[in-house]
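There are 2 protein chains.
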Amino acid sequence: MLKDVQDRTEHAASHRWQYGENFFPASRKVYIEKNWDEHRLAVPMREVVLTETNEQGEKVRHLLYDTSGPYTDPAIKIDLKHGLPRLREAWIRSRGDTVVLDDKSFQTDFPHVPRRRAKDGVAVTQMAYAKRGMITPEMVFVAEREGLDAEFVRQEVASGRAIIPVNINHPESEPMIIGRNFHTKVNANIGTSKITSSLEEEVDKMIWAVLWGADTVMDLSTGAHIHKTREWIVRNAPVPIGTVPIYEALEKVNGRAEDLSWEVFRETIIEQAEQGVDYMTIHAGVRLHYLPLTVDRVTGIVSRGGSLIAAWMLAHHQENFLYTYFEEICEILRAYDVAISLGDGLRPGSIADANDRAQFAELETLGELTEIAWRYDVQVMIEGPGHIPLHLLQENVEKQRKITHDAPFYTLGPLVTDIAPGYDHITSAIGAAVIGWMGTAMLCYVTPKEHLGLPNKNDVKEGLIAYKIAAHAADLGKGHPRARARDDALSKARFEFRWRDQFNLALDPMTAEAYHDETLPADGAKVAHFCSMCGPQYCSMAITQRVFKHTEVRRGMEAMSEAFRASGSRLYVDEAALNRPSER
Amino acid sequence: MLKDVQDRTEHAASHRWQYGENFFPASRKVYIEKNWDEHRLAVPMREVVLTETNEQGEKVRHLLYDTSGPYTDPAIKIDLKHGLPRLREAWIRSRGDTVVLDDKSFQTDFPHVPRRRAKDGVAVTQMAYAKRGMITPEMVFVAEREGLDAEFVRQEVASGRAIIPVNINHPESEPMIIGRNFHTKVNANIGTSKITSSLEEEVDKMIWAVLWGADTVMDLSTGAHIHKTREWIVRNAPVPIGTVPIYEALEKVNGRAEDLSWEVFRETIIEQAEQGVDYMTIHAGVRLHYLPLTVDRVTGIVSRGGSLIAAWMLAHHQENFLYTYFEEICEILRAYDVAISLGDGLRPGSIADANDRAQFAELETLGELTEIAWRYDVQVMIEGPGHIPLHLLQENVEKQRKITHDAPFYTLGPLVTDIAPGYDHITSAIGAAVIGWMGTAMLCYVTPKEHLGLPNKNDVKEGLIAYKIAAHAADLGKGHPRARARDDALSKARFEFRWRDQFNLALDPMTAEAYHDETLPADGAKVAHFCSMCGPQYCSMAITQRVFKHTEVRRGMEAMSEAFRASGSRLYVDEAALNRPSER
């Protein structure tokens, strides 16, 4: 049992983090090389090698979007004490619009990593660059990941329809984009609570999450060592990291909501921005005069941050300081390119409260704040619900698009029913898939532990698989040009009984194979033309293959088909008379 | 290891089937008594007793729809050798339109249960009665379960928009209704394959399925002892049982599809009808001239029955005998009230094949066959896909309603993506919820083992929970008047930290409690105003309760609210100036 925090971090930095390129079977890391200005970009993908061969006799390779960063690259040695390679450092440096900070009082376990801030008066955000007509290396990187044009990416970022969350102090992150016209993204929440978990468990969860496909990770820690835990996460995260700064602010005032203040909050966001947090949830839309709208709700205010702000406002009879000082917040964040995730502190936490006045009142304020942030070139996304029944989803998307000027929507689910604690990854995957299809840009996952306790590593995986399903289903529904390829490759493998290829293309190859092997573990079963669902005689795909693959049958069927068409449509009775079987 | 089938059935008939009224916590069986004609109906519900008390100081009780039959009624002794109480026998007998069969050559382990058939030339279907203006005890029973009017039920059945699947030879079943205007229903598939499972495992699965909420169960056995296995299931099933008779027909011709024939099929459906099968999947829409439409598919024909018929047709160069002899099929089934589930033999088994010409060509034929069946007063439902991406679901529902004259739709999922074998209960719960919301009457579940192997008991439960979620989400979306009550009661319990009530109202109380107890097992935690997700300081619901429940605060907030409204809307800047905090 490691008591000392230093011991804990040493322990975390052990070799077991090197998952290696074979975490996923038949997979390897590949990089697509792009030159931009003087920079050489290496855009990561995962390549799955199939047993299928093409006409040249080569094995077919299937490229997949890859969030796992260096953890699946055997050429990169992982040392958590050192942090990941800082791939963006040269790009940031070459822009020449930042200074290196030299504050010795800043608490850090990573003194070798330079911290930066914008030169005075300058905005160093991707939105600022995009509005000036600049295509940054980040935009080129993202365009390659998405299979789209870099100029299109620039336009989306300039207009605010998409964001690239890349704090200048998180140079280790592989840039990604959040917007309705790109792949639907998934966020995984991790973090300690006062009751359970620890620094090394959370670093472990972050790595586990990016392995299983998390596009961003939010560290929602409320336990001990929030600052240190987050630092180890950021330095070792290949994806953007989000936070909710009000939690750490509350810790600084010893847990008394009434003692929160703008000064404490300001200090907190600067520290977090200097660590490298890429986006921050800020509940600036929870306004004092909205609170009465929540009094008759079934589940009140279910947002931690929202309820803390409500408590503060009622204690002081004052407007929310996050609202009051919103322009000051923007001035700070534009100097680091921290994106604002405008929090939905008044989101509904039950079906009964869905789409109520409190929820949409806050959304109106978020629209107002979006325009202010954009004046400062601060990137913005809009957080969304919650608990919403199927028939009320459309209204959410329509209102959000209109009121917040098409900024990216980032929903928590939503859960389409309240009746299944223990399975809320499913109740919410349903809502998430549909609201993603309707245009939501990022889906915040929900695990089986929602409403019941802090998720463990297995819950993180379960939540991620459910949400990768939802995000992909949304992409298919939206007609994303690259989405279908994976379904088609897997189904082709299934039909041709290339079992290993079917497993290896699946979101979770290990589970697919394990389930198959529960009843048919022998090697020969991996090329068998059946499984234990139907057995050899009843496998529809095997039967289909047998009868349809004979050229004579194909020719015969085409001839038959012509003959029937030529005969015109026949009455049922006539055909019955014609078709009565003779002796068999 | 029980080798002999007789031993196996003895073993199955052990006392462990008596799950008792405490299978679900804080629950008991109640019966709503209704008199109809000379019959006394006892309509079962499950009553959950909460810790919440009403104004009279009594504990609040919550009624839930209950599919578990006598298995949760301690007053009924379960003896599988004897079968369940035959609650409908008196109703059937009193209609006086059937004769008891006395064929000693009929294989049965239950000689004490009379078998019936209609008197010559008479239709004994619920549709026939409904068209004549009769309200049967079955309709009254169903109306009570659904909370709707019996006359409305009659109209829905008469029009064909709904079916009540109640074979006169399955008097043990508690009547239920399948139709767009009623609760969305869920079917669980069970059954042996040649590779695995056994009679007693499948009887066990059936009981397990109805405990977890299956509204009907299909026995899709293809292994040994199909006839005997099904009989034990039917005699002990409180829900309608469905089959796919072509499987047993194939067994009778030693597994050679080419040796199938109308005669063998006819013999099979009569045997199954006399056993008491309530509905039969009949792939009469797979027509010879449709087969060429499947040749270029990615996954061909994925329906077992569909592929067997295809193989037969190609071997004989003849039209599908199920189509040819469809009127004869109707003549047989109307004498027992076996409903026809018109099979979707050409459903798409991959996203690539969704909504293709083969799929809709078959649907056109199903429309034709629906009208024929209705002329014989045979009840009909229409089977549906499959694998369908989100944006193509609507077209399925619109076409099905129009082409098959609003007969009930009964879909398999659909799966909204192919990429997640191992999790197809989730990929398909998404499609099922949405297509249910759009009007589908019954959802056939999919388990985590789909595409990989035969489901075991745990898979059955996982599939059922996912589908009860989908069905309930569909009911909420459709605005079913009774649906919201459960969500509201559970959310109220959640907000008031009545943890046990929250668990007990959940679809799976045991798992909800177990997940909670993973981190907070102590008894005190069941009344704690937090869980390990956030801990006591950060629990939003606790914070909300604390600040909002004070009357002074409520009054204060109302006053504040009035004051703000009276002041009109203020510019952001003005409010900021007004609200700058003084020293703290």
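Protein chains in written order, with the numbering used here: chain A, 1335 to 1918; chain B, 1335 to 1918.
Quick reminder that beta carbons are idealized off the backbone N, C-alpha and C, glycines included.
Residue i, DSSP secondary structure in three states
i	result
residue 1473 of chain B	helix
residue 1384 of chain A	strand
residue 1717 of chain A	strand
residue 1622 of chain B	helix
residue 1363 of chain B	strand
residue 1519 of chain A	strand
residue 1550 of chain B	strand
residue 1792 of chain B	helix
residue 1786 of chain A	coil
residue 1775 of chain B	coil
residue 1496 of chain A	strand
residue 1459 of chain B	coil
residue 1511 of chain B	coil
residue 1393 of chain A	strand
Alpha-carbon spacing of residue i relative to residue j, whole angstroms
i	j	result
residue 1656 of chain B	residue 1677 of chain B	11 Å
residue 1879 of chain B	residue 1788 of chain A	21 Å
residue 1693 of chain A	residue 1684 of chain A	12 Å
residue 1562 of chain B	residue 1527 of chain B	14 Å
residue 1362 of chain A	residue 1570 of chain B	53 Å
residue 1877 of chain B	residue 1642 of chain A	7 Å
residue 1856 of chain A	residue 1838 of chain A	18 Å
residue 1556 of chain B	residue 1871 of chain A	9 Å
residue 1904 of chain A	residue 1680 of chain B	Bear in mind that a pLDDT of 37 at residue 1904 of chain A, under 50, signals an unreliable position, so the model cannot answer this.
residue 1504 of chain A	residue 1848 of chain B	39 Å
residue 1797 of chain A	residue 1543 of chain A	10 Å
residue 1397 of chain A	residue 1368 of chain A	17 Å
residue 1633 of chain A	residue 1728 of chain B	33 Å
residue 1620 of chain A	residue 1477 of chain B	46 Å
residue 1559 of chain B	residue 1416 of chain B	19 Å
residue 1541 of chain A	residue 1823 of chain A	28 Å
residue 1531 of chain A	residue 1853 of chain B	10 Å
residue 1638 of chain A	residue 1786 of chain A	15 Å
Exposure of residue i, with buried meaning 16 or more beta-carbon neighbours within 10 Å
i	result
residue 1885 of chain A	Reliability of the predicted coordinates at residue 1885 of chain A is poor, the pLDDT of 48 falling under 50, and the value obtained from them is presented with this limitation in mind. So residue 1885 of chain A counts as exposed.
residue 1844 of chain A	exposed
residue 1815 of chain A	exposed
residue 1672 of chain B	buried
residue 1866 of chain B	buried
residue 1481 of chain B	exposed
residue 1792 of chain A	exposed
residue 1387 of chain A	exposed
residue 1757 of chain A	buried
residue 1736 of chain A	exposed
residue 1914 of chain A	Its pLDDT being 41, under 50, residue 1914 of chain A is placed unreliably in this model, and the value from its coordinates should be taken loosely. Its Cβ having fewer than 16 others within 10 Å, residue 1914 of chain A is exposed.
residue 1806 of chain A	buried
Minimum Cβ-Cβ distance from residue i to chain D less than 8 Å
i	result
residue 1641 of chain A	Absent from the structure: chain D. Protein chains present are A and B.
Under 9 Å, CB to CB, which of the residues in the region 1772-1785 of chain A have a partner in chain B? 1782, 1783, 1784 and 1785
At which residue ranges does the region 1657-1732 of chain B contain complete beta strand (DSSP E) runs of 3 or more residues, listed in the order of the chain? 1673-1676 and 1714-1718
3-residue-minimum beta strand (DSSP E) runs that sit fully inside the region 1798-1858 of chain A, ordered along the chain: Those beta strand (DSSP E) runs which fall completely within the region 1798-1858 of chain A and span 3+ residues do not exist here.
Restricting to runs no shorter than 3 residues, where is the beta strand (DSSP E) found entirely within the region 1406-1454 of chain B? 1432-1434 and 1450-1452
What are the residues in the region 1521-1550 of chain B lying within 7 Å of chain A by C-beta distance? Legend: CB atoms of the region 1521-1550 of chain B lying less than 7 Å from CB atoms of chain A belong to residues 1527, 1528, 1529 and 1530.
Interfacial residues, the region 1381-1402 of chain B to chain A, with Cβ spacing under 8 Å: For the region 1381-1402 of chain B, which is checked against every Cβ of chain A, not one residue is closer than 8 Å.
Taking any Cβ of chain B, which residues in the region 1818-1829 of chain A have a Cβ under 8 Å from it, in chain order? 1818, 1820, 1821, 1822, 1824, 1825, 1826, 1828 and 1829
Using Cβ-Cβ distances below 9 Å, what residues of the region 1862-1881 of chain B are close to chain A? 1864, 1865, 1866, 1867, 1868, 1869, 1870, 1871, 1872, 1873, 1874, 1875, 1876, 1877, 1878, 1879, 1880 and 1881
Please identify, using Cβ separations under 9 Å, the residues of the region 1704-1717 of chain A that lie next to chain B, in order along the chain. 1706
Just by C-beta distance, which residues in the region 1837-1856 of chain B are closer than 9 Å to chain A? 1837, 1839, 1840, 1841, 1842, 1843, 1844, 1845, 1846, 1847, 1848, 1849, 1850, 1851, 1852, 1853 and 1854
By the 8 Å beta-carbon criterion, what residues does the region 1665-1686 of chain A contribute toward chain B? 1683, 1684, 1685 and 1686
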